[in-house]
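Undergrad:
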């Protein structure tokens, strides 16, 4: 796994703007080199703020939205359009405002979708979509995502991978989560093997409530107790933080400070 690079921004607003600008550069570069690009979205306050900032910048038009594959790292297993679904927030913040190809926007199935109220069947369906999109050079059951965005909770969870829960031991790329400690209790999530298939993983964190989780995630802890410690990209891992979230970084850890 790659060693994380830590970038610290003054506050959450600047963090979201900087991450949005970084996303434009990354996706444009990938599309220039390969024609298409892929991204895995996250929910939460910072993740949604990044999408809103991306929508607000004129540079968004440099991205060829019709040639971007859009996935999600996890989802609340709720009806389509529910305000707590990550998809709903992403559509309102960005996706409803840019010319995406609907066939390339692959939201996780809702609880009123083709599998009904069966999260295990919905997770298997999403895994089948990932498997169909993977190419031989990906060497696995999921595509090599160009950017995979993750928030982190105060308990150090990422996606819907909560400390010491069964999903952390699962080798399947997508699993259902029941009894999550954070409501709603039923969810669908990528597992750590799927996350680690990404070329780049970007962990976003803002606020002092995230400082302990960030510290643990950068201190060599085990991913079963500290899931964010297992979130690493194949080519690059970024921890994009505001100053409050970076307040307890391990001693001697190299960081890059932004204005």
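Numbering (the working numbering), first residue to last: 146 to 404.
Glycine residues also receive a C-beta, built at the ideal position from the N, C-alpha and C atoms.
These numbers were taken from a predicted model, which means no experiment stands behind them.
Return the CA-CA distance between residue 173 and residue 208, expressed in angstroms with no decimal places.
TA: Here residue 173 refers to the residue found at position 28 of the chain shown. Here residue 208 refers to the residue found at position 63 of the chain shown. Roughly 6 Å between the two C-alpha positions.
Undergrad: Could you check whether the segment 278-297 touches the segment 336-343, counting it as contact only if at least three pairs of C-beta atoms, one from each stretch, sit closer than 8 Å?
TA: In short, these stretches touch, since the Cβ pair count reaches three.
Undergrad: Give a yes or no on contact between the segment 215-232 and the segment 330-338, applying the rule of three or more CB pairs nearer than 8 Å.
TA: Contact between the segment 215-232 and the segment 330-338 is present, because at least three Cβ pairs lie under 8 Å.
Undergrad: Are residue 191 and residue 182 touching if we call contact CB-CB under 8 Å?
TA: Locating residue 191 in the chain shown gives position 46, counting from the first residue. Locating residue 182 in the chain shown gives position 37, counting from the first residue. In this structure, residue 182 does not lie closer than 8 Å to residue 191 by Cβ.
Undergrad: Just to confirm my understanding: we take residue 375, look at its own chain, exclude 5 residues before and 5 after, and list those with CB closer than 6 Å. What are they?
TA: Along the chain shown, read from residue 1 onward, the residue named residue 375 stands at position 230. Once the five neighbours on either side are set aside, the close Cβ partners of residue 375 are 337 and 368.
Undergrad: Have a look at the DSSP bridge pairing and note the partners of residue 250.
TA: Position 105 of the chain shown, counting from 1, holds the residue named residue 250. The partner list for residue 250 (beta bridge, DSSP) reads 215.
Undergrad: With a cut-off of 8 Å, do at least 3 Cβ pairs link the segment 160-172 to the segment 193-212?
TA: Judged by Cβ distances under 8 Å, the segment 160-172 makes contact with the segment 193-212, as three or more pairs qualify.
Undergrad: For residue 165, which residues in the same chain have their Cβ closer than 7 Å to its Cβ, ignoring the five residues on either side in sequence?
TA: Translated into positions along the chain shown, residue 165 becomes position 20. Within the same chain, residue 165 has close Cβ partners 195, 198, 199 and 202.
Undergrad: With DSSP run on the structure shown, which of helix, strand or coil describes residue 284?
TA: Taking the first residue of the chain shown as position 1, residue 284 is located at position 139. It is coil, neither helix nor strand.
Undergrad: Jot down the residue ranges of each uninterrupted beta strand (DSSP E) in the segment 289-335, minimum 3 residues, whole runs only, in chain order.
TA: As far as the segment 289-335 is concerned, its whole beta strand (DSSP E) runs of at least 3 residues are 292-296, 319-322 and 332-335.
Undergrad: If we ignore side chains and look at the alpha-carbon of each, how far apart do residue 349 and residue 281 end up?
TA: Within the chain shown, numbered from 1, the residue matching residue 349 stands at position 204. Within the chain shown, numbered from 1, the residue matching residue 281 stands at position 136. Taking the straight line joining both Cα atoms gives about 30 Å.
Undergrad: Do residue 214 and the ligand PLP come close, with the Cβ less than 7 Å from some heavy atom?
TA: Absence of the ligand PLP from the depicted structure is noted, as is the absence of any ligand whatsoever, leaving it without description.
Undergrad: DSSP three-state call for residue 350: helix, strand or coil?
TA: By 1-based counting over the chain shown, the position of residue 350 is 205. Of the three classes helix, strand and coil, the one that applies to residue 350 here is strand, per DSSP.
Undergrad: Could you pull the DSSP bridge partners for residue 156 from this structure?
TA: For this step, residue 156 is matched to residue 11 along the chain shown. Answer is none; residue 156 lacks a bridge partner.
Undergrad: Apart from the five residues just before and just after residue 354, which ones in its own chain have a Cβ nearer than 6 Å to its Cβ?
TA: For the purposes of this step, residue 354 is identified with residue 209 of the chain shown, where counting begins at 1. Closer than 6 Å at the Cβ level, and outside the excluded window around residue 354, lie 299.
Undergrad: Could you check how far apart the C-beta atoms of residue 268 and residue 303 are, in whole angstroms? I think they sit under 8 Å.
TA: Taking the first residue of the chain shown as 1, we reach residue 268 at position 123. Taking the first residue of the chain shown as 1, we reach residue 303 at position 158. That pair is no contact at about 17 Å.
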